[in-house]
Structures are given as structure tokens and as C-alpha cells.
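Take a look at the structure set out below.
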Amino acid sequence: MFDKILIANRGEIALRILRAAKELGIATVAVYSTADAEAMHVKLADESVCVGPPPARDSYLNIPALLAACEITGAEALHPGYGFLAENARFAEILADHHIVFVGPKAEHIRMMGDKIEAKRTVNALGIPCVPGSAGAITGDHEAAAVARELGYPVLVKASAGGGGRGMKVARSADELSVALATARLEAKTAFGDDSVYLEKFLEKPRHIEVQILGDGRGKAIHLGERECSLQRRHQKVWEESPSPALNACQRQEIGEICASAMRKLGYAGLGTIEFLYEEGQFYFIEMNTRIQVEHPVTEMVTGVDLVNEQIKIAAGSPLSLTQEQIVFYGHAIECRVNAEHAATFRPSPGAIAYYHPPGGLGVRVDSAVYAGYTIPPTYDSLVGKLIVHGRNRNEALMRLRRSLDEFIIDGIDTTIPLFQTLVRNADIQNGLYDIHWLEKFLATGGMDVAAA
Amino acid sequence: MKYPGPKPAGNNAASPIDTDLVEALAKMVTRLGLSEIEVAHGDLKIRIGRQISAAVTQHVAPPPSPASVSAPQLTTAATPDALGTVKSPMVGTAYLRSAPDAAPFVEIGSRVRVGDKLLLVEAMKTFNEIVAPRAGTVTGILIEDGQPVEYGQPLLVIE
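Those protein sequence lines, which keep their order, are chains P and D. For the first sequence, position 304 matches number 317 in my numbering, and the numbering has no gaps at all. For the second sequence, position 27 matches number 560 in my numbering, and the numbering has no gaps at all.
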């Protein structure tokens, strides 16, 4: 096991990693930009090193500074969290060259899953169902038309260098195809510097369902169930739950085993999440994330497994500490991402938190690094914290969520708590009847107008 | 920059080593600029050797002495604040002299011009020269030779 680990991140995930490291008896090093000098995890860490001024490029993305911080503190391992350098294969390789263990998968797998066409090709060969589409990049309008005719309209033109919902154009009929191709190419060239595009069948009302996997890097892998993350605004998840209200135990077992089996064949090490669009009983692979995810707590609540703990142990060379049979799902968990934004307009609201009182009680968990008197810097993302609730079933979880949202006080800044208070009282949400377009439709048709008034 | 504090004395109750003595010797070695100190008490002998790296870690291999490195030397301007404090522009290990037996670049009272070499900060075998951003007299040296420094750490005061 490592003696000392450097946490190369900030905010709630840095605190999350610090907690897991402390529980494993590992000394912790916090790195921070000057804007984060008062961060909670910096105060709690055994050692801390300021690595640069506020801009991420000069601090959290500053590879030489991070390496130097490892060098002067003697950290043997580095945890990248999520975002920043978490899925930077080159960074993982640089760390390996310096004999520092990167807490994450092998660089080759990070690279493989970072290229969307390559990822799809790889997982398809491993038995994971994919969205039907072109075999690779589209070379001309004729080819596109032929592929689209075979797929059936509507189709989606996607940029290979895109991701996270960017660089996509829908064509609902043959007439719309050439315009969609031309526009997508132009936008892709401008945004990503690469105009290669591929085609996929467009799914009208899919749900976003993702599977959590854990591998030991030596051919063993297990799944820890799924998360439903359909409630999104501008491709950012705001509410996640496990299990998905749309799946039954049999479907869960089946897709989980398909994913675990693929990861065994790949020899994948560490945590990973395989994301799908799910429509009419069918799963369609969209991408794989080779890191810990923001919404990992809902999986932890229904399985009782500390994912960061498992991730660190795997990176230290331990075998998997659990078999698939030992993963038992109990109850239902829901997570709400509380952002420092106005709940209806989503205008960012950084600033000083005057009064902070998080909810408590059975089955209530708050993963947040803020405290009364803390000032949210404007330079980074607006996540204040995550409220996660667990109940014996989905209804109990919803009641617990409703109760704990009403108890949650964050004064001094605007937060999206009112959005969740509205959602938890909504019939569609209560019945689990939503897809990836639901939230934006709800907002566009005035769902939060009362709150904005 | 935060270092782990000294362990409480009760930690090594079963050990015959007087940890307070070891700590006192380590501090003495650093303060007096010694490379080694040895103390004998009865048939117990304690020797403290000083590596040019942070005293609190055991995992960092000592970097090569500055004189033997042919790596590129980079010049970095550290910005002073209004009081004349020169702060570190990077993370690394600070050296006040170009070699263990060389004279330090500056001392208290040294007069410097803009661009004069003040110290070196080393990271991953690359040595960066920190030069004077203003002319004046060095009135304070806030770090020790071989001390790990972080971004923004006060290094010297030039008035």
C-alpha cells in the first residue's frame, strides 16, 4: 500500500479522495492554486503545496508543477480525481516515467476510450452493443446517404473528435442529410480542428444508463450495477439514481455481465463507467469514462462498496477484494448535484457562503467541501456539493430527498436546491417517467417559472 | 506550505531511541549548516546525516549537486510584492548557492541590480535561475539551502 498519495484535484472530489486515503492510513498531499488556499481538503491534508495561480492551466493542469510537488513531498502515487488530467493518457505515461503510480487505468486504455470511433470499434468487438452506424468516418455524401438509408431516418451526424454532447447534427430525412453533414463538418473543423464525422441512428427518447465496472488489470473484472443519469441540462447531469427505474433485475444482471466480461478481455485496471443510451429495451454504447465519476456515491450507497478505496487498492497492486457474488444491491439511492447557480436562470453565483447547514439523518449523505464562511471562487466549476439519499425503495428515497432538501440551508449564494425541490414534487419524476430530453423540455415549458418569479 | 508536524514523544514508547534528541540533532545540523553530526551516550551512538532534500521525506532520492548538472538553466523573474518580497514562481527545491562548497549567490546586505542571480529552484533535474526583479539590498533570506518551496512562497526580501 502507498505511504503517501498526492491529490491532483480540488473541491468535493479532492476531499473524497483525502477521506479514502486517510482511512487506508496513507499520508496525504494536497496541491492547490492560490484561489483554493482555504479549501477544506487543504486544511485536512498532512501536507500541502501551492502549485500556481488560479487558472487551471497554470495549476491543476500544470504537469511540471504537479511532478515537482510529487518530487519534493515524496508522494509515490497521484490521484487525478475527475476532469483536469484524469483522462490524459500522456500524463499517466509521464507519471510512470517518473515512477509515480497514477491511480487510474493503463494509459493505453485511456487513449483507446478517448477516441470515440476507436472506442466504439473496440467495445463492439468485445460484445458490447453499439448504436448502429457507419463503420468509421464518412468519406462522402454518397456513402452517407447509403448508410443513412440502411440505418433508417432519423440519423445523427457526429464529430469523431467531439464528445460530451458537442458536434452533433440531426438529419430527419434524406433531404436534410447533406446540409447536416456540411454543417457538422464545418462546426467540427472550427471547434476541434478535425472535420471527420460518422453517422449513427438517432434515438428519439432514450434514457442515459451507465454501468460501473472495476477491474484488477490482470483479467478479472466485476460490475457494480447501473446508474440512471437521464436528467441533464446542456449535457450536464444534475440528478442521478441507482438502480435505474427502467430496468429489472434480469436486465441489470445481463448488461452488467456484458460489461464486466468485456473489461476482463481488455485486462482493464481500476474504475470505469460504460455509458449507454437505452431505448425500448435495447442498450446502445455511447462512450466509456476511464476515471471515477461525479455520481459514484449512488453506487456506493446501494452496494456498500467504497469505490475510491477499491480504486486505490487496485492501483497499489492488490487483487479485487470482492467477487461478483459479493456485490449485493440494497435499496435505492438518488443524488442531486447542488450548483452555485440560480435555480431557474442558471446564472452562476460564486461568492461567500454566509450560512451553511447540511441535512442529516439516516440515509442522508452530503459530499461537499464547503463550509460557513467559505468563498466559492469564480474560476472553476460551480459544484457546491452533492446531496445523496438512500432508502429501502425508491419511494422512501424520494421522501427522504424531499425532507433533506427542505433542511439544506446555503445562504449567501444562489443554489439549484429549489430546482430539486420542484423536481422531487413532480409526477413524472416520481413515476420514473423521463428520458434525456425531459429536463430541458420541462425548463423550456416554464417548469421553474414560479421559482424565477 | 504544510509539512507534517513532529510526532508526539509517546509514539516510540517501546523504542530505546530518544526521539526528542534525534529531532534536536536534526535541527542543529540544519541550523549550523553541517552535513553530519554524531553523538555518543554510553554505548548508544546516534549519527544524523543531512541530505540535500526535505528532512521530512524518506522517498526522495537526493538530486545531483548543482555543479555537476549540464541541464539547461532557465531564468525566471519572480515578482516582488510592494514590500520587496521575492516569491517563488514555481514548485521545487531552492538552492542558495551553485554548489555545496560555493559561496551563496547573495547574502544579507548584498546589493543587487535588476537581473542579478539570487538563487536556483530545481525541479526534476532542471535548474531555474531566480533573478532580482528590482535593484536594492537583500534584507532578508526567508528559506534555507535545499528547502522545498511552493508557488508563491516568499524567498527573499529586497529593499
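We treat Cβ as the ideally placed atom computed from N, Cα and C, and that holds for glycine. Here the structure is a predicted model, which means the values were calculated and not measured.
Q | Distance, THR388 (chain P) Cα to ASP128 (chain P) Cα | A | 37 angstroms
Q) Using the beta-carbon count (16 or more within 10 Å), is GLY642 (chain D) buried or exposed? A) exposed
Q: Express the C-alpha separation of ALA259 (chain P) and GLY445 (chain P) in angstroms, rounding to a whole number.
A: 7 angstroms
Q: Starting from ASP424 (chain P), follow its DSSP beta bridges and name the residues at the other end.
A: P:TYR368
Q) How would you call ASP49 (chain P), buried or exposed, if buried means at least 16 neighbouring beta carbons within 10 angstroms? A) buried
Q) In three-state DSSP terms, what is VAL315 (chain P)? A) helix
Q) For the stretch 60–72 of chain P, which residues have a beta carbon sitting closer than 9 angstroms to at least one beta carbon of chain D? A) GLU60, SER61, VAL62, CYS63, VAL64, GLY65, PRO66, ASP71 and SER72
**Q.** Neighbour list for ILE20 (chain P) in chain D, Cβ cutoff strictly below 9 angstroms
**A.** What ILE20 (chain P) touches in chain D: nothing, since even the nearest Cβ is about 13 angstroms away.
Q. From which residue to which residue does the alpha helix (DSSP H) around PRO142 (chain P) run?
A. Premise fails: PRO142 (chain P) is in no alpha helix (DSSP H) and is neither H nor E.
Q) According to the neighbour-count rule (16 or more other Cβ atoms, all chains shown, within 10 Å of its Cβ), is PRO118 (chain P) buried or exposed? A) buried
Q: Can you have a look at GLN306 (chain P) and say buried or exposed, based on whether 16 or more other CB atoms are within 10 angstroms of its CB?
A: buried
Q: Put ALA21 (chain P) into one of helix, strand or coil per three-state DSSP.
A: coil
Q: Please classify ALA594 (chain D): does DSSP put it in a helix, a strand, or coil?
A: For ALA594 (chain D), the predicted model reports a pLDDT of 40, less than 50, meaning its position is unreliable; a value from the coordinates is still stated below. Of the three classes helix, strand and coil, the one that applies to ALA594 (chain D) here is coil, per DSSP.
Q: Measuring only between beta-carbons, confirm whether LEU80 (chain P) sits less than 7 angstroms from chain D.
A: yes
Q | For PHE455 (chain P), three-class secondary structure by DSSP | A | helix
Q. Which runs of the beta strand (DSSP E), 3 residues or longer, sit entirely within the stretch 28–59 of chain P?
A. 40–46
Q. Given a threshold of 16 other Cβ atoms within 10 Å of its Cβ, counted over all protein chains shown, does VAL160 (chain P) qualify as buried or as exposed?
A. buried
Q) Taking Cβ positions, are VAL183 (chain P) and PHE215 (chain P) nearer each other than 7 angstroms? A) yes
Q.
Could you compute how far the alpha carbon of HIS450 (chain P) sits from the alpha carbon of LYS218 (chain P)?
A. 7 angstroms
Q) Tell me, which residues are paired with LEU290 (chain P) by DSSP? A) P:HIS221 and P:TYR297
(Q) Looking at the secondary structure, which residues open and close the beta strand (DSSP E) in which GLN680 (chain D) lies? (A) 680–682
Q. Leaving out five residues before and five after HIS221 (chain P) in sequence, what residues of the same chain have Cβ atoms less than 6 angstroms from its Cβ?
A. CYS242, SER243 and ILE449
Q | Residues near SER109 (chain P) by beta carbon distance below 8 angstroms, same chain, minus five either side | A | It should be pointed out that residue 109 (chain P) corresponds to Ala in this sequence rather than to Ser. So the list reads PHE115 and ALA120, once near-sequence residues are dropped.
Q: Out of P:LEU284, P:ILE151, P:ARG350 and P:GLY386, point me to the one whose CA is closest to TRP252 (chain P)'s CA.
A: P:ARG350
Q.
With a threshold of 6 angstroms on Cβ separation, who are the neighbours of LEU436 (chain P) within its own chain once the five nearest residues in sequence on each side are excluded?
A. ILE442
Q. In chain P, what lies closer than 7 angstroms to PRO681 (chain D) by C-beta?
A. ILE85
Q) What distance in whole Å lies between the Cβ atoms of ALA627 (chain D) and ARG646 (chain D), which are believed to be in contact at a cut-off of 8 angstroms? A) Wrong, their Cβ atoms sit about 21 angstroms apart, outside the cutoff.
**Q.** Cutoff 7 angstroms: THR47 (chain P) Cβ touching any chain D Cβ
**A.** yes
Q. Would you say LYS535 (chain D) faces chain P, with C-beta separation under 7 angstroms as the test?
A. yes
Q. If you draw a straight line from the C-alpha of ILE235 (chain P) to the C-alpha of ALA665 (chain D), how long is it?
A. 58 angstroms
**Q.** Within 8 angstroms of chain P by C-beta, residues of the stretch 649–669 of chain D in sequence order
**A.** ALA656 and MET657
Q: With a cut-off of 8 angstroms on the beta carbons, I'd call ILE401 (chain P) and GLU348 (chain P) a contact; round off their distance for me.
A: 5 angstroms
Q) Do you know how far the Cα of LEU19 (chain P) is from the Cα of LEU227 (chain P)? A) 22 angstroms
**Q.** Three-state class that DSSP yields for PHE660 (chain D) in the structure shown
**A.** strand
Q. With which residues is ILE641 (chain D) paired in a DSSP beta bridge?
A. DSSP lists no partner for ILE641 (chain D).
Q: Scan the stretch 379–441 of chain P and note each continuous alpha helix (DSSP H) run of 4 residues or more that stays entirely inside, going in chain order.
A: 407–420 and 430–436
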